[in-house]
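Down below is the structure, laid out as structure tokens.
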Amino acid sequence: MATLKVAVQKSGRLSEDSLKLFRECGIKFNNGVKKLKAQSHNFPIEFLFLRDDDIPGYVEDGIADIGIVGQNVHDEYQKNVEVVKHLGFSKCRLSLAVPREEDYQDISYFEGKNIATSYPNILKDYLKSKGVSAEVHEISGSVEIAPGIGLAEGICDIVSSGSTLLSNGLKEVETVMKSEAVMVASKSLTEDQQKLVNQLIFRINSVLEGKNNKYVLLNAPNESLDKIIELLPGMRSPTVLPLADKGWSSIHSVINEDTFWENIEQLREAGAEGILVVPIEKMIR
Ligand code: ATP
Ligand code: ZN
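Each number in this note's numbering corresponds to the 1-based position in the sequence shown with 46 added.
Here's what the structure looks like:
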């Protein structure tokens, strides 16, 4: 029987959300602290806990069959693996930053300058695409202190809120790439393993879709029904049930998180009241 070896970051910003996603997919396992491996007892998966930087290489070499890493790490290491799913967590961006007091106009600022980064390949490709030649200085950590100690004139690093930049006297000037966690897979999976990956992606999709949608229940006078049904397309069409109170109905449907508030406003204007909004755990179209 086939198993899937799944590489997950051992401890860091991806770890918790990665494991949570597998649990939400109904995959049960125990991961004790400091353990290097864990086995699921209800899905043929074995987890390997690794440094995120090693994951693309291990997946390429077949030590792991799939893995979860930031898109930034995948792009930097340029290993021969396939991105099979964007996962929507660990969102961040890779940006260029310079000392706050610098007069920065555009990317040509970096011409002939020295930039410190842990992402030399991504940065070099970016600079090349912009026609800028700069000196790329690779350092492995604490990139944000490089300008302060005279090591570089600018940096290229991961940003989420920007507070680390600010506290180091830097300002963000260009976004080099946007990133989120992705699932990568080996290009030499067996047919049975590919089936398991497909099953897993099916479950992930239903979890992610559930998060993107809400279940709505509301009451409305029957004369507003047509208008409300038009506003609530749902999965196929809404459920309409009569209320004990004559002339009123209860309507149940699904609405998308992105247009949620806009939708609620329109529903109220159309006569809806007593609106309940409930999270959806999983959604299969
Ligand atoms: P390791 O010890 O495994 O090498 P690391 O220190 O390189 O870990 P983390 O800081 O845990 O890595 O970040 C892992 C990934 O999480 C990054 O590659 C990036 O995709 C994402 N990430 C980094 N910083 C943030 C942030 N502030 N907000 C959201 N996501 C982030
Ligand atoms: Zn790392």
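Every residue, glycine too, gets a C-beta built ideally from N, C-alpha and C.
| query | result |
| --- | --- |
| Cut-off 6 Å between Cβ atoms - residues of its own chain near Ala-110, not counting five sequence neighbours on either side | Lys-51, Ala-53, Leu-94 and Tyr-104 |
| Cβ-Cβ separation, His-132 to Glu-226 (assumed contact under 8 Å), whole Å | 6 Å |
| Three-state secondary structure assigned by DSSP to Gln-239 | helix |
| Residue burial classification, Gly-116 (beta-carbon count within 10 angstroms, cutoff 16) | buried |
| Segment contact, 8 Å Cβ cut-off, at least three pairs: the stretch 122–130 with the stretch 204–221 | no |
| Terminal residues of the beta strand (DSSP E) in which Leu-140 lies | 138–145 |
| Ser-304 CB to nearest heavy atom of the ligand ZN below 7 Å | Reading off the sequence, residue 304 comes out as Asp, not Ser. Asp-304 Cβ: outside cutoff for every heavy atom of the ligand ZN. |
| Rounded C-alpha distance that separates Glu-220 from Lys-176 | 12 Å |
| Status (buried if at least 16 other CB within 10 Å, exposed otherwise) for Ser-283 | exposed |
| Contact under 8 Å by Cβ, Leu-254 with Ala-316 | no |
| Asp-304, enclosing alpha helix (DSSP H) - first and last residue | Counting along the chain, Asp-304 falls outside any alpha helix (DSSP H), and DSSP gives it neither H nor E. |
| Three-state class that DSSP yields for Ser-207 in the structure shown | coil |
| CB contact flag (Tyr-261, Val-286, <8 Å) | no |
| Minimum length 3: unbroken beta strand (DSSP E) runs contained in the stretch 64–138 | 83–85, 91–96, 112–116 and 128–132 |
| Distance, Asn-259 Cα to Asp-304 Cα | 8 Å |
| Asn-244 burial status per 10 Å Cβ neighbour count (16 or more: buried) | exposed |
| Any non-hydrogen atom of the ligand ZN within 7 Å of Asp-63 CB | no |
| Inter-residue spacing [alpha-carbon to alpha-carbon] between Ser-57 and Ile-297 | 45 Å |
| Three-state secondary structure (DSSP) of Val-219 | strand |
| Check: Asn-118 C-beta below 7 Å from any heavy atom of the ligand ATP | yes |
| For Pro-166, the first and last residue of its enclosing alpha helix (DSSP H) | 166–176 |
| Pair within 8 Å by beta-carbon distance, Ser-154 and Asp-63 | no |
| Proximity below 8 Å, CB of Leu-235 to CB of Ile-321 | no |
| Local conformation of Gly-320 per DSSP, three classes | strand |
| C-alpha distance - Leu-142 paired with Leu-96, whole-angstrom precision | 28 Å |
| Asn-251 beta carbon less than 8 Å from that of Glu-199 | no |
| Between the CA atoms of Phe-68 and Lys-257 - distance to the nearest angstrom | 15 Å |
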